[in-house]
Every structure is written in structure tokens, then in C-alpha cells.
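Please read the structure below before turning to the comments.
Structure, rendered in C-alpha cells:
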């Protein structure tokens, strides 16, 4: 291939990282600064975001044991239902700077900037700075990325590590470098400690690519892969080995498991169960739900090839996905002329298409057909793969634009993107109607003019290309602006405005009602709802902070605003908008408080903090979100009975009685019911009620407490004083 005059073009590997045009460094700085601004804008509006993980961050900032295990509380009763690597950066930040929304979420935002930088560096090596800038911009403007790098779920770190893995693999391919392949193995191992088996999804295409294309002998290639595999096992297995060998009596229970085993959690609920729907402790998997057998629909939406384009999921990730698939094919056709991966510029370009494209395809297939728990925000893992293919594919087609086939392919890809953006923008009723028409008209005009613009001169060609890029990115940019101007809390969150037909979880729509027509509108409150809190809920009228009236479950069940008169809650030391105020009978948030947590009154906070130093746990509550709300509001440990949603057999009734006899727990906070609630992944996991996998231990404990101890109402919530039996 030859080097084109415009900056988006492949360049020789040797020159890609040495010859830098004067505009490159300012452009890269602008890309990273703009990404940081997007991810840091009004970051504190989300408060504690997912309080399940924020409570664990708080615990780890106070106890090194909780830090190591990823415990939900500083008393180390139970861990979160993931390994702790994603929590460690946030825990260190809180240890250094104190507990606060920014302290928790800034590390996540910085991971987004780092992912943009790594993606830029990788694409630039074979395709030049112009292609790298386009890839970086496409990634930063992916709506689900703008969401998850401003949130505290593990997916932010996982996405960064997956991007670094592909980068290291491509560096290893350039000269069969063992050290880079070993680094890739180490990164995958650490990714396993972030979100277990999802880290391994991209391994098959990457391993096959290296085994076939690395420029060295077959025996050395296989030996290098074995060495990298060993590095992966060590990097990801040391923590697992410590946990499994540690006496169970002196470590926290492994949350999400039914047998206090991390291996069970990894291979079952967080592993193969996500694929086949047979998730221990869950009754909501796609394969287990109504119609979920085979390829049908269940609680998590219909599986199938169109899943990533459907309902609310399409607006999270699929804006550029059709273009990425077309450009993957085009890039492979153009670069297939080389025999080996590093024999030429074409060879390494082909390897890059195979690496990023293989990672995209295998991840997309898994997401499309998995029968277990699936949520829209999982698709953030696809964002760097899509973005890389966009930059690389445009580069090779632009270079070959003198060919009629290449020119038509490039124009057709742009037209396809404009039409698909028009369709996605139309899914949110009343959302910026002018934009969808501007995107459609501008994209189609640029697509039609592009093959002929070169004849009119360089400036016309550049203007046409600029119009095409703007049309392609305008839709996701609008979704990103809506996302960053909205606070997101709870366990299940989505980017952009709410749309009809979402199939990511129970009830379809996960993002709450509304959507509105402007960047700043709050989906939680419905059309015209207040910003970062406040809103009208069905059957209950206006509530502070977007919380539902007592007994109401917010539509979407996942993004209630932070409580408080101004929607952000009262300021707490360290600059954190605590927002744990209000309350009402039971104090429960959405889904019985087991999905969004509870509202905590000043009276409840005072009761928890009084004499709290005399107890290991100031209180116990069923479900980790409920416990997290009280723990974050009071700053003292609260035991989450049954783990996230009360379904784990931890503690047993006898263990709980022993804790009470030993004076380790002061209060029990009632939830006003005996059935299991919805879990961190949105599914009702049996076990909180009789006959569930957890043996109904949560119900047994609550029933025993009700029959044994005095009940009182504290700030609208039901408290039982475990130091004052009724007889």
C-alpha cells in the first residue's frame, strides 16, 4: 500500500512510532483532555453510584483484610460476588483522599482516559495518527463507555485490560517478542481477578493468531504461548489460591456462592451459568425463564444474532457496529496479500484486523447467545474493538479510494451508519427529532459526494470527509451528553435516554422512564423531571432525590437518583453527597431495597453510630444494597445477611445467634418481607425465602429476630435491638 496525502493512512511499522507530524501531539493531547472532560464532568452527581461496590470500597479503606478479600463490610462477614481487583484502585483512592463520590469514581474515569490512550497507541503503530485519532474519538463517544467509566462497576477496569491485552499481543507479533506475549498473559490474569471468566473470552482468536502468524518457528511459538499461559495462571491464580487455602473460619464468606467457594462462584454463577442460564442461586437466567429454552426470550431478553442491535441495547453500543463489521471484511480483503504477519506493512495491518476483529466477533457472539444474566452495560467490553476497526478500516479504504470498489465501500459504510443512527435516534420518543434528520441528510450527502469530491480539490474532499465523520458521530455524541448530564445510581444503569422495547433485564426497560428531549433531562424523573434527582413516580407524586414513594418500585428498577432535597443529598465530610436521608416506613429503595438500597434517616444514622465501637457490626440487614445504604450513611460496618440479595447462606441461623450472644451486632434492620429480592444482576435469586438454594437462611434469621427481640421504628425504618430480647 502507498501512503496517502491525508493523515489517515497506514504507515510502516518502523515509522509509525518515530515520524510524528507537528499536529499529532496537540491532537493527541486534545483527544485525551476531551475524553477526561467528558468522563469527569459533574462526576459527583452519581453519588455512591452502585452502593454495593461503594460499601466494599469503604470497607477496604478501613480494613486491609477487607481490602484483600473485597469484603462488603469492615467486619469481613462476606465478600462481593466478584474478585476484588476492580475495587483496589478505588480503595486506595479513598484511603488517600477520604470517602467521597469523586474519590470513588475518579479512578474509573482515569481508566477511560487510559483506554483511549492505549487504543490510540495500538492503532497508530500500523495505521498512523489520523486513524488512531478517529479510533480514540469513536471509543470516547461510545455511550456505554461514557456511562461505565463514570460508574464503579468492574467493567471499566476489565475494558481497559482487554484493550491492553490486544495491544501487547500485537507488539509481540511484530517480532515474536516473548516479553510482550508474557505481558499479555499477565494482563489477562489480572483481568480474571476483575471479572473472572469474561477475561478469557478473547483468548481463542488471539492465541490462534499468534500460533499461526508470529514470525518464528512453530516450536518457539508454542513455547511462547505456554509461557504466556503460565504467566496468566500465576497473575490470576495467586489470589484464588490464597482464598481457597485460607481457613474458611477466619475469612469472609465468598459472596454469590452457595458453598463458600470462589471456584464454585467462578465456574457456576459467574461462569458457565452465564452461558447456559443454569446459574446456581438464580431463577432468572435466559435459559431458565419462560421461553428461554433454545434461542427464545427469557428474563434477560431474547438471545440471537440481533440482540446487540435491539431495544435499548442498540443505543449503548451499536451506532458504529455495522460499520465496524463491514470495515473488518474490507480491511482483511485489502491486507490479505501478505503471507506472514510481519513480512510487510500489509502483514501487520492484517494481524491488527484479525486481533481486533476476532475479539469483537467472539465477544459479540457470546453476548448475543448467552442464556444467563445479561445487561446492556456489559457491552462496554465491545467498545474498544469497534472503535479500533473504525479507525483502521477507514484508513485502508481511504488509502485505496482510487479504486471504485474501495470508494463505493467507504461511501456505502457511511450511508449505512447514517441510516442506522437515524433508526436508533428514533427509538427514544421525542428525543432531539431534528438531530436524526440532520444525521440522515448529512450522512447521505457525504456518502454520495465522497467518490467524486476528490476531483473538486483537496479542500472539498476534506470537507466532505469531515461532514461524514460528524454525521457518523453525532448520534453517539448526543447520547453521551445525555449520559454525563444525568446522575446514575443503583445496580442496573443504561446510557442515553430511555427507549421503548429494551430487552436487557426484567420488564424490558432498565433505564427508567422518560428520556426527554434535551441533554440535561433526567430519565429517573420522567419527561421534564428534575436533574440528578426529583421526579414523579407512578402512584406517589414527587419524591426527594428521585426516590419512589413507599411501596412503589421505580420503572426501570435501576437508576433512582440520590436522595436529598436537592437531588444530591446532604454534604458529608470529604465532599461526598451522602444522600442517605428521607426514609419512610421500611426505608426501602427500589425492588424492596435489594436493588437500589434504602433511604436512611438522620435518626437511623444516630442509632447506628451510638456506641458502634462496642460492636463488630453496628447492624445487620438482609441484602447488600440495604446494608450498604446504612453503612455508607453512618460510616460503621453493617452486615449484609445473605450477600447481595439475601440468597447466600451466610451467616447461618446458628452463626447469627452466636454473633448475637457474643454481643457483636447491635441492631437488625427489618425489610418488611420474607421473600428474596432482586440481585446485583437484576435477577431474583431464590434463597432468601423458604426452599431456595441458600436454604432460606435470611428468612430464618429475620423470623427468629422478630420473635425474639423488641421492635421499634427509627426514622421510618423497623429496627430490632439485638441487646434487648422480648423476654
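Residue numbers (this note's numbering): 22 to 748. Every residue gets a Cβ at the ideal spot worked out from N, C-alpha and C, and that includes glycine. Just so we're clear, the structure is a prediction, and the values are computed from it rather than from any experiment.
Within its own chain, the residues whose Cβ lies closer than 6 Å to the Cβ of residue 470, once the five positions on either side in sequence are excluded, are 485, listed in chain order. Residue 159 and residue 402 have their alpha carbons spaced roughly 14 Å apart.
In the structure shown, residue 735 adopts extended strand secondary structure according to DSSP, grouped into three states. Rounded to whole angstroms, the gap between the alpha carbons of residue 743 and residue 675 is 15 Å. At the C-beta level, residue 692 and residue 724 stay beyond 9 Å of one another. Taking the CA atoms as reference points, residue 282 sits about 35 Å from residue 746. In the DSSP assignment, residue 502 is bridged to no other residue.
Three or more beta-carbon pairs separated by less than 8 Å link the segment 405-419 to the segment 153-169, which places the two stretches in contact. Contact annotation: residue 275 and residue 645 have beta-carbon atoms that are not nearer than 9 Å.
At a cut-off of 3 residues, not a single continuous stretch assigned as beta strand (DSSP E) sits fully inside the segment 117-144. About 16 Å separates the CB atoms of residue 212 and residue 201; that is not less than 8 Å, and the two are not in contact. Check the Cα spacing between residue 175 and each of 42, 237 and 218: the tightest is with 218. Taking the Cα positions, residue 221 is about 11 Å away from residue 215.
Annotated as proximal: residue 227 and residue 379, with beta-carbon spacing under 9 Å. Shown here, residue 683 sits in coil according to DSSP, grouped into three states, outside any helix or strand.
In the DSSP assignment, residue 185 falls within the alpha helix (DSSP H) that extends over 176-196. Among the bridge pairs identified by DSSP, residue 659 is matched with 640. Listed in chain order, the non-local C-beta contacts of residue 492 below 7 Å within the same chain comprise 439, 460, 463, 464 and 467, local neighbours out to five positions each way being set aside.
Per DSSP, reduced to three states, the secondary structure at residue 42 is coil, with no helix or strand assignment. For residue 353, the CB contacts under 7 Å within the same chain, skipping 5 residues up- and downstream, are 371 and 374 in chain order. Checking the DSSP bridge columns, you'll see residue 720 has no partner listed. Residue 255 sits exposed, since fewer than 16 C-beta atoms from the chains shown fall within 10 Å of its C-beta. Three or more pairs of CB atoms, one per stretch, sit closer than 8 Å, so the segment 411-424 contacts the segment 340-349. With the rule of 3 Cβ pairs closer than 8 Å, the segment 73-82 counts as touching the segment 652-659. Counting only residues of its own chain and dropping the five nearest sequence neighbours on each side, residue 500 has a CB closer than 7 Å to the CB of 164, 336, 516 and 517. By the CB criterion at 9 Å, residue 186 and residue 140 fall outside the cutoff.
Residue 92 has 100 as its beta-bridge partners, per DSSP.
Annotated three-state conformation of residue 743 is strand, per DSSP. The segment 677-691 and the segment 629-640 touch, with no fewer than 3 CB-CB distances between them shorter than 8 Å.
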